[in-house]
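Novice: Below is a structure I'd like to ask you about.
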Amino acid sequence: MSNYRIFVEKHPEFQVEAKSLLGELNENLQLELKTLRLLNVYDLFGFTSELLEKSRYSVFGEIVTDSVTDSIDLDGAKYIAVEYLPGQFDQRAASAVDCVHLIEPSAQISIKSSKLLIVDADASEETLEKIRHYYINPVESRTKDLSKLADTEHAAVKPVPVLEGFRNMSGDDLKAYCKKMGLAMNADDLAEVVRYFSEEGRDPNETELRILDTYWSDHCRHTTFTTELESINVEDSFIKEDIDGTMSLYMKMRSETGRDKKGLNLMDMATIGAKYLRKHGLLDDLEVSEENNACSIFIDVDVDGETERWLLMFKNETHNHPTEIEPFGGAATCLGGAIRDPLSGRSYVYQ
Numbered sequence: 000m001s002n003y004r005i006f007v008e009k010h011p012e013f014q015v016e017a018k019s020l021l022g023e024l025n026e027n028l029q030l031e032l033k034t035l036r037l038l039n040v041y042d043l044f045g046f047t048s049e050l051l052e053k054s055r056y057s058v059f060g061e062i063v064t065d066s067v068t069d070s071i072d073l074d075g076a077k078y079i080a081v082e083y084l085p086g087q088f089d090q091r092a093a094s095a096v097d098c099v100h101l102i103e104p105s106a107q108i109s110i111k112s113s114k115l116l117i118v119d120a121d122a123s124e125e126t127l128e129k130i131r132h133y134y135i136n137p138v139e140s141r142t143k144d145l146s147k148l149a150d151t152e153h154a155a156v157k158p159v160p161v162l163e164g165f166r167n168m169s170g171d172d173l174k175a176y177c178k179k180m181g182l183a184m185n186a187d188d189l190a191e192v193v194r195y196f197s198e199e200g201r202d203p204n205e206t207e208l209r210i211l212d213t214y215w216s217d218h219c220r221h222t223t224f225t226t227e228l229e230s231i232n233v234e235d236s237f238i239k240e241d242i243d244g245t246m247s248l249y250m251k252m253r254s255e256t257g258r259d260k261k262g263l264n265l266m267d268m269a270t271i272g273a274k275y276l277r278k279h280g281l282l283d284d285l286e287v288s289e290e291n292n293a294c295s296i297f298i299d300v301d302v303d304g305e306t307e308r309w310l311l312m313f314k315n316e317t318h319n320h321p322t323e324i325e326p327f328g329g330a331a332t333c334l335g336g337a338i339r340d341p342l343s344g345r346s347y348v349y350q
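Right, dumping it as structure tokens:
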């Protein structure tokens, strides 16, 4: 078994991503780059030469669109290599491993993927630094050292510290601690956590606090949607009359649906229409159950000439909490949620 590094680059006619990135860098960073080559780099561990050749153009590239080489001349070149941080999930590498196992199921292999950007040979260090800052997301990636080919690096595992003195905090200490730890919860929230651990008679460890902070977030608890609106004032404007009319209709619908004794909040505003229609018998095709992961309606479906009663589920989803620090990761979890929730209702997901 040996270790290899291969470089995959699109043929000129298919370099759509590279040309798009070149235009993006020039426009957004006000650069004047003339050329940009974009390569996928794979570090392969535990491969035989035979397995490498079998997978070269069946896993890592396509013979019509790609050039897959074992080396690249970087002498005098200006380039940036980017890899995932240790411990960060590498989707491209994981998919490549799965594909190689289709060729040789018993292969004990591992793969790392990275990107290589090669720009104009006369590009300045200042230009390269601008590209690094723009292209590398420090939350998930870092600059790669192409002189190394090793599979020994792993994310460092440190002992989880106990937050000594946590349960003794109060007052102004709480606000400062939220800022110091970068917590999503505020001082009042943290006071409740302090109270809990005081009753437990111990300080939490950092993992416990981070988990509580995550599940205390607006995304998980919908605190924005469910915050009680104690006073609603409509400012004077050209649409004030329309808004006042809508608010009057909303209050009337709350009364008719028996919700006028409950607190006002944005979630109630968003769902009052469906509750009103259902009360007046206009949603007879709506499935009512304890599973509220997607809107489900009954429909008649022709199955081989026979009419069957099926459930059609509609699902929309927000970006999840990583969006603020990693937009693409947030979008991915959004898609995951939109797929997951209809699946939980045992439906076939499409669109």
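Residue numbers (numbering that gives the first Met the number 0): 0 to 350.
Glycine included, every Cβ here is placed at the ideal spot set by N, Cα and C.
Output the distance between the C-alpha atoms of Ser254 and Ile238, rounded to the nearest integer angstrom.
Specialist: Residue numbering aside, residue 254 sits at position 255 when the sequence shown is read from its first letter. Residue numbering aside, residue 238 sits at position 239 when the sequence shown is read from its first letter. Roughly 25 Å separates the two Cα atoms.
Novice: Grouping DSSP H, G and I as helix and E and B as strand, with all else coil, what is Glu198?
Specialist: The sequence position of residue 198 within the sequence shown is 199, counting from 1. Three-state result, Glu198: helix.
Novice: DSSP state of Arg258, grouped into three classes?
Specialist: As a working mapping, residue 258 is identified with position 259 in the sequence shown. Arg258 falls in the coil class under three-state DSSP.
Novice: Looking at C-alpha atoms only, which residue of Tyr195, Asn264, Leu208 is the closest neighbour of Leu228?
Specialist: The residue labelled residue 228 in the question sits at position 229 within the sequence shown. With distances taken between Cα atoms, Leu228 lies closest to Asn264.
Novice: Would you kindly work out how many angstroms separate the C-alpha atoms of Glu240 and Tyr133, rounded to a whole number?
Specialist: Taking the first residue of the sequence shown as position 1, residue 240 is located at position 241. Taking the first residue of the sequence shown as position 1, residue 133 is located at position 134. Computed Cα separation, rounded: 47 Å.
Novice: In chain order, what residues of the same chain have a beta carbon less than 7 Å from the beta carbon of Ala293, not counting five sequence neighbours either side?
Specialist: By 1-based counting over the sequence shown, the position of residue 293 is 294. The residues are Met312, Phe313, Lys314, Asp340, Pro341, Gly344.
Novice: Check whether the Cβ atoms of Asp267 and Arg258 lie closer than 9 Å to each other.
Specialist: What you label residue 267 is simply residue 268 of the sequence shown in a count that begins at 1. What you label residue 258 is simply residue 259 of the sequence shown in a count that begins at 1. Their beta carbons are under 9 Å apart, which means Asp267 touches Arg258 by this criterion.
Novice: Residues in its own chain within less than 8 Å of His221 by CB, not counting five upstream and five downstream?
Specialist: Indexing the sequence shown from 1 puts residue 221 at position 222. Answer for His221: Met266, listed in chain order.
Novice: CA-CA distance, Asp121 and Lys77?
Specialist: Mapped onto the sequence shown, residue 121 falls at position 122. Mapped onto the sequence shown, residue 77 falls at position 78. Going from the Cα of Asp121 to the Cα of Lys77 covers about 8 Å.
Novice: Between which residues of its own chain and Glu163 is the CB-CB distance below 7 Å, once the five residues before and five after are set aside?
Specialist: Position 164 of the sequence shown, counted from the start, is the residue given in the question as residue 163. Counting only Cβ-Cβ distances below 7 Å, and skipping sequence neighbours, we find Asp202.
Novice: Any idea what DSSP makes of Thr223, helix, strand or coil?
Specialist: Here the question's residue 223 lines up with position 224 in the sequence shown. Correct three-state label for Thr223: helix.
Novice: What's the call for Thr306, buried or exposed, on a 16-neighbour Cβ count within 10 Å?
Specialist: Taking the first residue of the sequence shown as position 1, residue 306 is located at position 307. When all chains shown are included, Thr306 counts as exposed.
Novice: Taking only the alpha-carbon atoms, compute the straight-line gap between Asp187 and Gly75 and give it to the nearest angstrom.
Specialist: Stepping through the sequence shown from its first residue, residue 187 is reached at position 188. Stepping through the sequence shown from its first residue, residue 75 is reached at position 76. Cα to Cα, Asp187 sits roughly 58 Å from Gly75.
Novice: In angstroms, rounded to a whole number, what distance separates the CA positions of Thr47 and Pro137?
Specialist: Stepping through the sequence shown from its first residue, residue 47 is reached at position 48. Stepping through the sequence shown from its first residue, residue 137 is reached at position 138. Going from the Cα of Thr47 to the Cα of Pro137 covers about 34 Å.
Novice: Note down, in chain order, each residue of its chain lying with its Cβ closer than 8 Å to the Cβ of Ser57, except the 5 sequence neighbours on either side.
Specialist: By 1-based counting over the sequence shown, the position of residue 57 is 58. Once the five neighbours on either side are set aside, the close Cβ partners of Ser57 are Cys98, Ile102.
Novice: So what's Tyr275 in DSSP terms, helix, strand or just coil?
Specialist: As a first step, residue 275 must be located in the sequence shown, where it is residue number 276. Residue state, collapsed to three classes: helix.
Novice: Quick check on DSSP: helix, strand or coil for Arg36?
Specialist: Indexing the sequence shown from 1 puts residue 36 at position 37. Arg36 falls in the strand class under three-state DSSP.
Novice: Does DSSP classify Asn27 as helix, strand or coil?
Specialist: In the sequence shown, residue 27 corresponds to position 28, counting from 1. Of the three classes helix, strand and coil, the one that applies to Asn27 here is helix, per DSSP.
Novice: Pick out whichever of Ser197, Ile62, Leu38, Ala95 has its Cα sitting closest to the Cα of Ser70.
Specialist: Residue mapping note: residue 70 aligns to position 71 of the sequence shown, counting from 1. Answer by Cα proximity: Leu38.
Novice: When the Cα atoms are used, what is the spatial distance from His279 to Thr256?
Specialist: Counted from its first residue, the sequence shown places residue 279 at position 280. Counted from its first residue, the sequence shown places residue 256 at position 257. C-alpha separation (whole angstroms): 9 Å.
Novice: Jot down the residue ranges of each uninterrupted beta strand (DSSP E) in the stretch 82-118, minimum 3 residues, whole runs only, in chain order.
Specialist: Taking only runs of at least 3 residues, the beta strand (DSSP E) segments lying wholly in the stretch 82-118 are 109-118.
Novice: Assign Ile242 to one of three DSSP states: helix, strand, or coil.
Specialist: Counting from one through the sequence shown, the residue named residue 242 turns up at place 243. Of the three classes helix, strand and coil, the one that applies to Ile242 here is helix, per DSSP.
Novice: Hey, Val7 and Ser66: beta-carbon distance below 9 Å or not?
Specialist: If you number the sequence shown from 1, residue 7 lands on position 8. If you number the sequence shown from 1, residue 66 lands on position 67. Yes, Cβ-Cβ distance for Val7 and Ser66 is below 9 Å.
Novice: List the DSSP bridge partners of Asp42.
Specialist: Locating residue 42 in the sequence shown gives position 43, where the first residue counts as 1. Answer by DSSP bridge pairing, in chain order: Arg4, Lys111.
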